[in-house]
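Trainee: Here it is: the structure, laid out below.
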Amino acid sequence: MRLRRKPEAKKILSEHPLVVKVPEEYRGKWKSLFGRPCPLYVELGTGKGQFLAKASEIYPDINWIGVERIEEPLLQAVRKGEATENTNLRYIWMDVEKLAEVFAEEEVDRFYLHFSDPWPKKRHAKRRLTHRRFLEVYKKLLAPDGDLILKTDSTILFDFSLEEFAEAGWQIIEQSRDLHQSPYAETNITTEYEEKFASRGMPIYYVRVKPEKPS
Ligand SMILES: C[S@@+](CC[C@H](N)C(=O)[O-])C[C@H]1O[C@@H](n2cnc3c(N)ncnc32)[C@H](O)[C@@H]1O
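Each residue of the sequence shown is one higher than the one before, starting from 4 at the first, in our numbering.
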């Protein structure tokens, strides 16, 4: 994602009320931040934030968090969130690598991975957000009935992810290689990247999975 550097972005984000300053302090206590015991849904790699702004409007009974590591897209996301005036929405300026420092075991009800960087070179596979090392972390942090949704335009990332899910014992609940022509399209909330790829006629790959958890 190429965005012009905005020198003021860092300052605005570090002072913005929708950006959680020290997210580690809320580990195990996110419900207290929102002041209500609603399910917690976390989007990893939020980008410019269209999904979260729309989703928090459509589903007010969910607590929504966006994680993004680059300040320019995050600032755009925060501006969109601000415009909604929704109280069920926060942002964390952080790398997904630090996820387990910020969320406790079984604290998250759903993770979203929307158009994550595909890292097409094989030698970079470990950086893909569905690499088994990330799946281990997501599995720990997901509540017993929690799930993960992946959408991508990348055949490489999608096929790789399906292999990683299978290898790690995750169960496929829903799947489509053309989301917008599938029954799941009805409830789908689009992201910026999704609209860009769909407008070029590209199919959107979609999967919802659950980790195998001891019952
Ligand atoms: C291709 S963009 C997609 C943005 C948005 N989800 C969408 O669908 O429009 C991927 C985003 O994920 C962010 N990202 C990639 N790896 C990340 C990581 N390890 N931690 C946090 N954010 C990450 C990037 O900075 C970028 O904003």
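Every residue gets a Cβ at the ideal spot worked out from N, C-alpha and C, and that includes glycine. In this text the structure is predicted, and so the values were computed from the model without any measurement.
Once DSSP output is grouped into helix, strand and coil, what is the label at arginine 126?
Mentor: Three-state result, arginine 126: helix.
Trainee: Considering only residues of the same chain and omitting the five flanking positions on each side of glycine 31, which have a CB-CB separation below 7 angstroms?
Mentor: Only Ala107, Glu110 meet the Cβ criterion.
Trainee: Would you please state the rounded distance, in angstroms, between the beta carbons of aspartate 156 and phenylalanine 118? I believe it to be under 8 angstroms.
Mentor: Their Cβ separation, rounded to whole angstroms, is 7 angstroms, which keeps aspartate 156 and phenylalanine 118 in contact under 8 angstroms.
Trainee: Measuring only the C-alpha atoms, how far is glutamine 174 from arginine 39?
Mentor: Approximately 30 angstroms between the Cα atoms of the pair.
Trainee: Exposed or buried, what is proline 147 when buried is set at 16 or more other beta-carbons lying within 10 Å of its beta-carbon?
Mentor: Classification for proline 147: exposed.
Trainee: Report the three-state DSSP secondary structure of leucine 145 (helix, strand or coil).
Mentor: It is a strand residue.
Trainee: Taking the Cβ atom as the reference point for each residue, do isoleucine 152 and histidine 183 lie within a distance shorter than 8 angstroms?
Mentor: Not closer than 8 angstroms, so no.
Trainee: According to DSSP, is phenylalanine 108 helix, strand or coil?
Mentor: Just to set this straight, residue 108 is glutamate in the shown sequence, not phenylalanine. Note: glutamate 108 maps to coil in three-state DSSP.
Trainee: Pull up the distance between the alpha-carbon of lysine 213 and that of arginine 82, whole angstroms please.
Mentor: Rounded to the nearest angstrom, the two C-alpha atoms are 32 angstroms apart.
Trainee: Using only CA atoms, which one of Tyr141, Glu195, Arg203 lies nearest to valine 45?
Mentor: Checked all of Tyr141, Glu195, Arg203; the closest Cα to valine 45 is Tyr141.
Trainee: Closer than 7 angstroms by C-beta to tyrosine 187: which residues in its own chain qualify, once you throw out the five before and the five after it? Chain order, please.
Mentor: The residues are Glu177, Ser179, Tyr209.
Trainee: Ligand 1 heavy atoms versus the CB of aspartate 150: any closer than 7 angstroms?
Mentor: No, since every heavy atom of ligand 1 falls outside the 7 angstroms radius drawn around the Cβ of aspartate 150.
Trainee: Closer than 7 angstroms to a non-hydrogen atom of ligand 1 - does that hold for the CB of aspartate 98?
Mentor: Yes, the beta carbon of aspartate 98 sits closer than 7 angstroms to at least one heavy atom of ligand 1.
Trainee: Tell me the residue span of the beta strand (DSSP E) that contains tyrosine 94.
Mentor: From DSSP, the beta strand (DSSP E) with tyrosine 94 extends over 92-96.
Trainee: With a cut-off of 8 angstroms, do at least 3 Cβ pairs link the region 52-69 to the region 189-197?
Mentor: In short, these stretches touch, since the Cβ pair count reaches three.
Trainee: Could you compute how far the alpha carbon of lysine 216 sits from the alpha carbon of tyrosine 196?
Mentor: Whole-angstrom Cα-Cα distance: 32 angstroms.
Trainee: Would you grab the beta carbon distance between proline 26 and valine 105 for me? Rounded to a whole angstrom, and I think it's under 8 angstroms.
Mentor: That belief holds up - the Cβ atoms of proline 26 and valine 105 are roughly 4 angstroms apart, short of 8 angstroms.
Trainee: Quick one: residues in its chain with C-beta nearer than 8 angstroms to the C-beta of leucine 138, no 5 flanking neighbours on either side, listed in chain order?
Mentor: Excluding residues within five positions, the ones whose Cβ falls inside 8 angstroms are Glu167, Phe168, Ala171, Trp173, Pro214.
Trainee: Is there at least one non-hydrogen atom of ligand 1 closer than 7 angstroms to the beta-carbon of threonine 194?
Mentor: Threonine 194: yes, Cβ under 7 angstroms from ligand 1.
Trainee: Classify glycine 69 as buried or exposed, calling it buried when 16 or more other Cβ atoms lie within 10 Å of its own Cβ.
Mentor: Classification of glycine 69: buried, given that the 10 Å Cβ count is 16 or more.
Trainee: Am I right that leucine 78 and leucine 16 are in contact with their C-beta atoms under 8 angstroms? What's the rounded C-beta distance?
Mentor: Rounded, the Cβ-Cβ distance is 6 angstroms, consistent with contact.
Trainee: Please classify glycine 220: is it buried, with 16 or more other beta-carbons within 10 angstroms of its beta-carbon, or exposed?
Mentor: Absent from the structure is residue 220, since the part of the chain shown begins at 4 and ends at 218.
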